[in-house]
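Participant: Chains as they are written, first to last, in our numbering: chain A, 1 to 295; chain B, 1 to 326. Starting off with a structure, shown below.
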Amino acid sequence: MTAETPATVRSASKGPWVRAWGRFSSNGAALAGLAILVPILVLVISYPLWWPYSPNDIDLRALNQAPGPVHWLGTDGVGRDILARLMQGGRISLTVAVVSVAISIVIGFLVGAIASFGGKVVDNGVMRLVDLAMTLPPVIFLLVLASIAGTGVAPTIVVISLLSWPVLSRMVRARLLELRERDFVVAARGMGASLPHLLFRHGLPNSIDILVVYATLQIANAILLEAGLSFLGLGIAPPEASWGNMLNAARSTVVLEQYVWQWMFPGGALVLTVLAINFLGDGLRDAFDPRSDLN
Amino acid sequence: MSEQPLLAVSGLTKHFKPSTFSRGPVVRAIEDVSFEVPRGTVVGLVGESGSGKTTIGRSVLRLVEPTSGAVRFDGVDMTALPPSELRRQRARMQYIFQDPFASLSPRMTIGQILMEGLEIQGMRPREARVARAKAALAAVELPADAFDRYAHEFSGGQRQRIGIARALALEPELIVADEPVSALDVSIQAQIINLLRDLQQRLGLTMLFISHDLAVVEYICDTVIVLYLGRVMEMAPAAELYANPRHPYTRALLSAIPEPVPGRAKQRQVLVGDIPSPANPPSGCVFRTRCPHAAAACANTVPPLDNVAQAHRVACIRREELAGLA
Chain A
1 MTAETPATVR
11 SASKGPWVRA
21 WGRFSSNGAA
31 LAGLAILVPI
41 LVLVISYPLW
51 WPYSPNDIDL
61 RALNQAPGPV
71 HWLGTDGVGR
81 DILARLMQGG
91 RISLTVAVVS
101 VAISIVIGFL
111 VGAIASFGGK
121 VVDNGVMRLV
131 DLAMTLPPVI
141 FLLVLASIAG
151 TGVAPTIVVI
161 SLLSWPVLSR
171 MVRARLLELR
181 ERDFVVAARG
191 MGASLPHLLF
201 RHGLPNSIDI
211 LVVYATLQIA
221 NAILLEAGLS
231 FLGLGIAPPE
241 ASWGNMLNAA
251 RSTVVLEQYV
261 WQWMFPGGAL
271 VLTVLAINFL
281 GDGLRDAFDP
291 RSDLN
Chain B
1 MSEQPLLAVS
11 GLTKHFKPST
21 FSRGPVVRAI
31 EDVSFEVPRG
41 TVVGLVGESG
51 SGKTTIGRSV
61 LRLVEPTSGA
71 VRFDGVDMTA
81 LPPSELRRQR
91 ARMQYIFQDP
101 FASLSPRMTI
111 GQILMEGLEI
121 QGMRPREARV
131 ARAKAALAAV
141 ELPADAFDRY
151 AHEFSGGQRQ
161 RIGIARALAL
171 EPELIVADEP
181 VSALDVSIQA
191 QIINLLRDLQ
201 QRLGLTMLFI
211 SHDLAVVEYI
221 CDTVIVLYLG
231 RVMEMAPAAE
241 LYANPRHPYT
251 RALLSAIPEP
261 VPGRAKQRQV
271 LVGDIPSPAN
281 PPSGCVFRTR
291 CPHAAAACAN
301 TVPPLDNVAQ
311 AHRVACIRRE
321 ELAGLA
């Protein structure tokens, strides 16, 4: 017996969350991501408390003004404060992205779960539907959905989440099909486990890496989709601000060349946020995997 | 043996059919297998890879749906149970897996793994589950601090102990042990086998012990069933089978056991060729293609499983002629 006892008893008393944090905090890139993302979130949420301008206030004495002491990040063509619009746009863009990704994760996971645990007939039926959803040309699908759903925050969320779940459901299905035959899942079945138990105690924890990677990539994608939709006049309609429709100001050559601050800040915010989320996602994936202690 | 056996398998058959969209032969994994496991005894299932041992073990717990036949556990036919009843019955029989690295979830602590079955079976409160899980851990002689650790922190032998503890936590009446030691080092094998035997005797467990290692089976089993290509070739009490094997296949298997004493080499009967494909089994006696004593008649009739002695049954039409050999 003594020969079998492991030499290290280091982590015996720590809980799984403590250990997950330990793994996360040893990843420099992930910490950097967190260090970027948290201030962005705090600023975006708290801006009405410390910034005197609101995003739709028009200052006719300051059209296209460059960054300065009054308007820190300048103003746009109708005299609206860029910083205020950047913060408000962050709220809208991140809300749209996070909520639509959350919805598509729920749909994608459940569809994948039904396909993989529902038996051959269900699997075939569901997967042909997924194939169908994936073969629709995304732009046309978006246009049709958006013209039905209309413009605004909620319809944009619906449109983006309906477009993005099929890929995830395929990945989840593949993972769960493999998992279903693993001995520890068979053991759970042998102990009388129900389908929800199998899905949420074994399926979900063992798919978390897929979900986290998907979420981080998809949040970036959703921000860009929102920008594209807004560009086509079907996403977030002006005067409401979003990073997407602020960027679209850059399609005018004059703005692109002379009023750099009008597109550079939303563009920079978008790149920085997406990058931070990606780093964070990497760190989370490793943190959720107990085996990564071995590496 | 007037008492009703804890487990009675009759006419168990499992054919794996190809999927609806692809053509392919039906794989006959097990064919008309019948046996009984009396309470408190250990029955061994032995055979080569592909002989259907695991399929039988899993059919008993209905982890595999049998094509036909009945599995009676304590008089109740497992194959005809509705899901709610099946869940309750499953708590009474547990499975020990071959591969200790695949059978424990990498994302759960040992405590969570041991309490999973108790949770599924609705045992409350949590303290009761913790107490039961810790008792199971103690029963397999693992330190109590293993409770909060993950499976990857343990060696193969320790993991197999955890697998055994998981089965014991539900206090089952029947344990199906599917090659519980074949993935382990020889030195660890002995520890695990002794542990299983002690637990079996102390707790009065009934066990279906699946193995391809005849030496292990002889040590732990009361009755041995020899399988070949999904069919029963011979079954007998362990002592009788090892002293007086009647089927040519059993004799070949026994002659292949390594002799621990040098110089006492016995005559080996080496089987040539591989086990035939269960998708295309030979006619008549399935063993005839590798049997050193096969005759023309062997291809025509499926040999019935006949009684040759008290509780000793053999499926070979030439068994009388071969009795004097070996």
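Just so it is clear, CB atoms sit at the ideal spot from N, CA and C, and this is done for glycine as well.
Any C-beta of chain A sitting closer than 8 Å to the C-beta of Met1 (chain B)?
Facilitator: To locate residue 1 (chain B), count along the second sequence from 1; it is residue 1. For Met1 (chain B), the predicted model reports a pLDDT of 46, less than 50, meaning its position is unreliable and no value from the coordinates is stated.
Participant: Residues of chain A with CB closer than 7 Å to the CB of Arg90 (chain B), please, in chain order.
Facilitator: Position 90 of the second sequence, counted from the start, is the residue given in the question as residue 90 (chain B). What Arg90 (chain B) touches in chain A: Gly190, Met191, Gly192.
Participant: Among residues of its own chain, excluding the 5 on either side of Arg91 (chain A), which ones have a beta-carbon nearer than 6 Å to its beta-carbon?
Facilitator: If you number the first sequence from 1, residue 91 (chain A) lands on position 91. Around Arg91 (chain A), the same chain offers Val44 as residues with beta carbons nearer than 6 Å, after the five sequence neighbours per side are excluded.
Participant: Output, in sequence order along the chain, the residues in the segment 177-188 of chain A whose CB is closer than 9 Å to any CB in chain B.
Facilitator: Arg182, Asp183, Phe184, Val185, Val186, Ala187, Ala188
Participant: Scan the segment 87-175 of chain A and note each continuous alpha helix (DSSP H) run of 4 residues or more that stays entirely inside, going in chain order.
Facilitator: 120-135, 138-149
Participant: Rounded to whole angstroms, how far is the Cβ of Ile220 (chain B) from the Cβ of Glu179 (chain B), which I believe are closer than 8 Å?
Facilitator: Along the second sequence, read from residue 1 onward, the residue named residue 220 (chain B) stands at position 220. Along the second sequence, read from residue 1 onward, the residue named residue 179 (chain B) stands at position 179. Going by Cβ atoms, the distance from Ile220 (chain B) to Glu179 (chain B) rounds to 13 Å, so no, they are not a contact pair.
Participant: How would you list, in chain order, the residues of chain A whose beta-carbon sits under 7 Å from the beta-carbon of Tyr95 (chain B)?
Facilitator: Translated into positions along the second sequence, residue 95 (chain B) becomes position 95. Chain A residues near Tyr95 (chain B): Ala187, Gly190.
Participant: List, from N- to C-terminal side, the alpha helix (DSSP H) runs of 4 residues or more that fit wholly inside the segment 7-61 of chain A.
Facilitator: 16-25, 28-50
Participant: Going straight from the alpha carbon of Val261 (chain B) to that of Arg268 (chain B), what length do you get?
Facilitator: Stepping through the second sequence from its first residue, residue 261 (chain B) is reached at position 261. Stepping through the second sequence from its first residue, residue 268 (chain B) is reached at position 268. Approximately 15 Å, taken between the alpha carbons.
Participant: What number of angstroms, rounded off, separates the C-alpha of Val26 (chain B) from the C-alpha of Gly122 (chain B)?
Facilitator: One-based indexing of the second sequence puts residue 26 (chain B) at position 26. One-based indexing of the second sequence puts residue 122 (chain B) at position 122. Answer to the nearest angstrom: the Cα atoms are 40 Å apart.
Participant: DSSP three-state call for Ala309 (chain B): helix, strand or coil?
Facilitator: Position 309 of the second sequence holds residue 309 (chain B). If DSSP states are grouped into helix, strand and coil, Ala309 (chain B) belongs with the strands.
Participant: Closest to Asn244 (chain B) by C-alpha separation, out of B:Lys14, B:Ala309, B:Gly156, would be which residue?
Facilitator: As a first step, residue 244 (chain B) must be located in the second sequence, where it is residue number 244. The residue with the shortest Cα to Cα distance from Asn244 (chain B) is B:Ala309.
Participant: If we count the other Cβ atoms within 10 Å of its Cβ and call it buried at 16 or more, is Phe200 (chain A) buried or exposed?
Facilitator: As a position in the first sequence, residue 200 (chain A) is number 200, starting the count at 1. With fewer than 16 other Cβ atoms within 10 Å, it is exposed.
Participant: With burial defined as no fewer than 16 other Cβ atoms inside 10 Å of the residue's Cβ, what is the status of Ala167 (chain B): buried or exposed?
Facilitator: Your numbering for residue 167 (chain B) matches position 167 in the second sequence. Buried is the call here.
Participant: At which residues does the alpha helix (DSSP H) containing Lys53 (chain B) begin and terminate?
Facilitator: Counting from 1 along the second sequence, the entry for residue 53 (chain B) is found at position 53. Element bounds for Lys53 (chain B): 53-60.
Participant: Please report the straight-line C-alpha distance between Pro205 (chain A) and Glu65 (chain B), rounded to a whole angstrom.
Facilitator: Here residue 205 (chain A) refers to the residue found at position 205 of the first sequence. Here residue 65 (chain B) refers to the residue found at position 65 of the second sequence. Straight-line Cα distance between these residues: approximately 28 Å.
Participant: Cα-Cα, which of B:Ser68, B:Gly24, B:Glu3, B:Leu63 is closest to Ile30 (chain B)?
Facilitator: Taking the first residue of the second sequence as position 1, residue 30 (chain B) is located at position 30. With distances taken between Cα atoms, Ile30 (chain B) lies closest to B:Ser68.
Participant: What does Pro237 (chain B) pair with, by DSSP beta-bridge criteria?
Facilitator: Taking the second sequence and counting its residues from 1, the one referred to as residue 237 (chain B) is at position 237. Bridge partners of Pro237 (chain B): B:Thr223.
Participant: To test your reading of the DSSP string, which unbroken alpha helix (DSSP H) runs of 4 or more residues are found completely within the segment 113-158 of chain B?
Facilitator: Within the segment 113-158 of chain B, the complete alpha helix (DSSP H) runs of at least 4 residues are 126-139.
Participant: Using a Cβ-Cβ distance under 8 Å, would His197 (chain A) count as near chain B?
Facilitator: On the first sequence, position 197 is the one that residue 197 (chain A) refers to. It does: the Cβ of His197 (chain A) has a partner Cβ on chain B nearer than 8 Å.
Participant: Take Phe231 (chain A) and list the residues in its own chain whose beta-carbon comes closer than 6 Å to its own, dropping the five residues that flank it on each side.
Facilitator: Here residue 231 (chain A) refers to the residue found at position 231 when the first sequence is read from its first residue. The residues are Asn248.
Participant: Between Ala165 (chain B) and chain A, is there a C-beta pair that is closer than 8 Å?
Facilitator: On the second sequence, position 165 is the one that residue 165 (chain B) refers to. Chain A, which has no Cβ nearer than 8 Å to the Cβ of Ala165 (chain B), makes this no.
Participant: Does any residue of chain A bring its CB to less than 8 Å from the CB of Ala102 (chain B)?
Facilitator: One-based indexing of the second sequence puts residue 102 (chain B) at position 102. It does: the Cβ of Ala102 (chain B) has a partner Cβ on chain A nearer than 8 Å.
Participant: Taking 8 Å as the CB-CB limit, is Glu335 (chain B) close to chain A?
Facilitator: Residue 335 (chain B) is absent from the structure shown; chain B starts at 1 and stops at 326.
Participant: Quick one: is Glu234 (chain B) buried, meaning 16 or more other Cβ sit within 10 Å of its Cβ, or exposed?
Facilitator: For the purposes of this step, residue 234 (chain B) is taken as residue 234 along the second sequence, with counting starting at 1. Flag for Glu234 (chain B) reads buried.
Participant: Alpha carbon to alpha carbon, how far is Ala183 (chain B) from Val46 (chain B)?
Facilitator: In the second sequence, the residue the question calls residue 183 (chain B) occupies position 183. In the second sequence, the residue the question calls residue 46 (chain B) occupies position 46. Approximately 16 Å between the Cα atoms of the pair.
Participant: Per the DSSP calculation, Tyr242 (chain B) is bridged to which residue(s)?
Facilitator: Taking the second sequence and counting its residues from 1, one reaches residue 242 (chain B) at position 242. In DSSP, Tyr242 (chain B) forms no bridge with anything.
Participant: Hey, is the segment 210-219 of chain A in contact with the segment 94-107 of chain A, meaning 3+ C-beta pairs nearer than 8 Å?
Facilitator: yes
Participant: By the criterion of Cβ-Cβ separation under 9 Å, what are the contact partners of Asp99 (chain B) in chain A?
Facilitator: As a position in the second sequence, residue 99 (chain B) is number 99, starting the count at 1. Asp183, listed in chain order.
Participant: Hey, quick one: how far does the alpha helix (DSSP H) through Gly281 (chain A) stretch, first residue to last?
Facilitator: As a working mapping, residue 281 (chain A) is identified with position 281 in the first sequence. Boundaries of the alpha helix (DSSP H) around Gly281 (chain A): 261-287.
Participant: Please check the pair Glu173 (chain B) and Thr206 (chain B), which I expect to be a contact at CB under 8 Å, by giving their CB distance rounded to whole angstroms.
Facilitator: By 1-based counting over the second sequence, the position of residue 173 (chain B) is 173. By 1-based counting over the second sequence, the position of residue 206 (chain B) is 206. Yes, they are in contact, since the Cβ atoms of Glu173 (chain B) and Thr206 (chain B) sit about 6 Å apart, within 8 Å.
Participant: Applying a beta-carbon distance threshold of less than 9 Å, which residues of chain A neighbour Gln121 (chain B)?
Facilitator: Sequence index remark: in the second sequence, residue 121 (chain B) carries index 121 (1-based). Met191, Gly192, listed in chain order.
Participant: Going by C-alpha to C-alpha distance, which of A:Val139, A:Leu179, A:Ala133 sits closest to Leu224 (chain A)?
Facilitator: The sequence position of residue 224 (chain A) within the first sequence is 224, counting from 1. It is A:Val139.
Participant: When you compare the CB positions of Arg23 (chain B) and His15 (chain B), do they come within less than 8 Å of one another, or not?
Facilitator: Translated into the one-based positions of the second sequence, residue 23 (chain B) becomes position 23. Translated into the one-based positions of the second sequence, residue 15 (chain B) becomes position 15. No; because the gap between Cβ atoms is not below 8 Å, this pair is not in contact.
Participant: Tell me which residue opens and which closes the beta strand (DSSP E) that Ala215 (chain A) is part of.
Facilitator: Numbered from 1 along the first sequence, position 215 holds the residue referred to as residue 215 (chain A). Counting along the chain, Ala215 (chain A) falls outside any beta strand (DSSP E), though it belongs to the alpha helix (DSSP H) covering 208-231.
Participant: Could you tell me which of B:Ser277, B:Glu320, B:Ala279, B:His247 sits nearest to Pro292 (chain B), measuring between CA atoms?
Facilitator: Position 292 of the second sequence holds residue 292 (chain B). When each option's Cα is compared against that of Pro292 (chain B), the closest is B:His247.
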